[in-house]
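**Q** I'd like to ask you about the structure that follows.
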Amino acid sequence: RKTLENNAAGVEYLSKKIADLGFRVAPTWANFLYVDVAEDALALGRRMQDEGVIIRPLSGAWGAPQAIRITVGTPEQNRKCVAALKKVTEKVVVG
C-alpha cells in the first residue's frame, strides 16, 4: 500500500513539475512517465546523466527519438530529477 501511495504521489508531482517546464507528459497509471521532450532524447539523456540522473531515451528500437521514460523514485529522487531536467533544458538567451 505504501509503495502504491508513493508511486501515485510521485506521478502527480513529476507530471505537474515536468509539464510546468513545457513538456508533454502522457497520462499514466504505471511507475514511470512518458515525456515528449521535443529534442534528441539521446543527447538529453547524456546531459541528465552528467547531472547524476539516469533516464531512458526512447529512441532506437522504441521508435520515439524525442521521448524519454522517467521512473518514479523517492520524493528526494523526484525533486533531483526535476531540478536536473530544468537545468539541462534551460535556454540561454543572449542579447
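Its first residue numbered 981, the sequence shown is counted upward by one per residue in the numbering used here. Glycine included, C-beta positions come from ideal geometry on N, C-alpha and C.
Less than 8 Å between the CB atoms is what I'm expecting for R1036 and R1049, so what's the real figure, rounded?
**A** R1036 to R1049, Cβ: 4 Å. Contact.
**Q** When the Cα atoms are used, what is the spatial distance from A1021 to K982?
**A** Approximately 32 Å, taken between the alpha carbons.
**Q** What did DSSP end up calling R1016 once you bin it into helix, strand or coil?
**A** The identity of residue 1016 in the sequence shown is Asp, whereas the question assumes Arg. Of the three classes helix, strand and coil, the one that applies to D1016 here is strand, per DSSP.
**Q** Three-state secondary structure (DSSP) at G1075?
**A** With a pLDDT of only 48 at G1075, under 50, the local geometry of the prediction cannot be trusted, and no value is derived from it.
**Q** For the alpha helix (DSSP H) containing I998, name the first residue and the last one.
**A** Here the alpha helix (DSSP H) through I998 covers K982 to D1000.
**Q** Determine the burial state of L984: buried for a count of at least 16 other Cβ atoms within 10 Å of its Cβ, exposed for fewer.
**A** So L984 ends up on the exposed side.
**Q** Residues in the same chain with beta-carbon distance under 8 Å from D1030, minus the five sequence neighbours each way, listed in chain order, please.
**A** Only V1068 meet the Cβ criterion.
**Q** Closest by CA to Y999, which one among W1009, A988 and L1013?
**A** The amino acid occupying residue 999 in the given sequence is Ala; Tyr does not appear at that position. Ranking the options by Cα distance to A999, first place goes to L1013.
**Q** In angstroms with no decimal places, state the Cα-to-Cα distance between R1059 and E992.
**A** Distance between the alpha carbons of R1059 and E992 is about 12 Å.
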